[in-house]
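For reference, the structure is listed below as structure tokens.
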Amino acid sequence: MYYSRSGAVEALATAAAKAARDAGAEVRVRRPREVADAAAMAKVEGWTESAARQNALYEAPTHEDAEWADAILFGTPSYFGAMATELKNFLDLLGPQWKRGSLAGKVGGAFAAASWPHGGSEVVTLSLYAPMAHLGMVILPTGYTDEAMLEAGSPYGASAIVGKENQPPRSEDLDAARHQGRRMVTIAGALIAAGEMPCRRRDAD
1 MYYSRSGAVE ALATAAAKAA RDAGAEVRVR RPREVADAAA MAKVEGWTES
51 AARQNALYEA PTHEDAEWAD AILFGTPSYF GAMATELKNF LDLLGPQWKR
101 GSLAGKVGGA FAAASWPHGG SEVVTLSLYA PMAHLGMVIL PTGYTDEAML
151 EAGSPYGASA IVGKENQPPR SEDLDAARHQ GRRMVTIAGA LIAAGEMPCR
201 RRDAD
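Written out as structure tokens, the structure reads:
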């Protein structure tokens, strides 16, 4: 589940999703919808067009998606050191799932993108750990568990620095995202095999 305005976080999300599928997982890529109105979006070059393109490709996330998943990887750009409002809005609506504990035991991870090397990608990634903790999820950092993490990202999750021109993520950044996707599948699978994760309804696939 990710939000992306320019497409950088989208690229990280799709790289992680493909790696997870290649590792044997069923994957749903979801993009929360804009909170800003059309007039506000029109003031930012390319935002309206990028949102329309991505929304045509990826469905909006639902509570059912969250309950269906064994693992959820959250992605966001860093806006003034905070996650995108669109992603926060979805998280804020998970009250019913919190009350029932329906996300407890699921694996959670996070990744981010920022414009500058000190633009807050690590802060934003760590900020996503807080709602995952409240939901009772098993928070899974990447650590330095693969050589890809020595070249890109952080021990907290994959990341990319896109610069003022919103450049696409580097190949190293995508490798870090792929490792994160595979790691989510591996750890979720281990928890399921050990009987440590609530079984979701397989007939919801």
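Counting in full-length UniProt numbering, the sequence shown runs from 1 upward without gaps.
In this text, a Cβ means the ideal position worked out from N, Cα and C, and glycines have one as well.
So residue i and residue j are in contact, right, with Cβ under 8 Å, and what is the actual spacing, rounded?
i, j, result
"Val124", "Ser78", "4 Å"
"Arg183", "Thr145", "6 Å"
"Gly163", "Ser115", "6 Å"
"residue 257", "Ile139", "Residue 257 is absent from the model: the chain starts at 1 and stops at 205."
"Leu160", "Thr142", "As written in the sequence, residue 160 is Ala, which differs from the Leu given in the question. With 8 Å as the limit, Ala160 and Thr142 do not qualify as a contact, their Cβ atoms being about 14 Å apart."
"Ala112", "Thr76", "6 Å"
"Thr14", "Val35", "Thr14 to Val35, Cβ: 23 Å. No contact."
"Ala8", "Pro168", "6 Å"
"Gly136", "Gly109", "The pair is not a contact, with the Cβ atoms about 15 Å apart (cut-off 8 Å)."
"Ser102", "Glu67", "5 Å"
"Glu165", "Glu151", "No, Glu165 and Glu151 are not in contact; Cβ-Cβ is about 22 Å, not under 8 Å."
"Ala23", "Ala177", "Not really, about 13 Å apart at Cβ, beyond 8 Å."
With which residues is residue i paired in a DSSP beta bridge?
i, result
"Glu59", "Arg30"
"Ile139", "Gly108"
"Tyr2", "Gly75"
Where do the ends of the alpha helix (DSSP H) carrying residue i lie?
i, result
"Leu126", "121–134"
"Glu172", "171–193"
"residue 228", "With the chain represented from 1 up to 205, any question about residue 228 goes unanswered, as that position is not in the structure."
"Ala148", "148–151"
Output the boundary residues of the beta strand (DSSP E) element that contains residue i.
i, result
"Val107", "107–114"
"Ser102", "That residue, Ser102, is in no beta strand (DSSP E); it is neither H nor E in DSSP."
"Ser159", "159–161"
Exercise for the section: Could I get the ranges of all uninterrupted beta strand (DSSP E) runs contained in the stretch 32–96, with 3 residues as the minimum, in chain order? Expected result: List check, beta strand (DSSP E) in window: 71–77.
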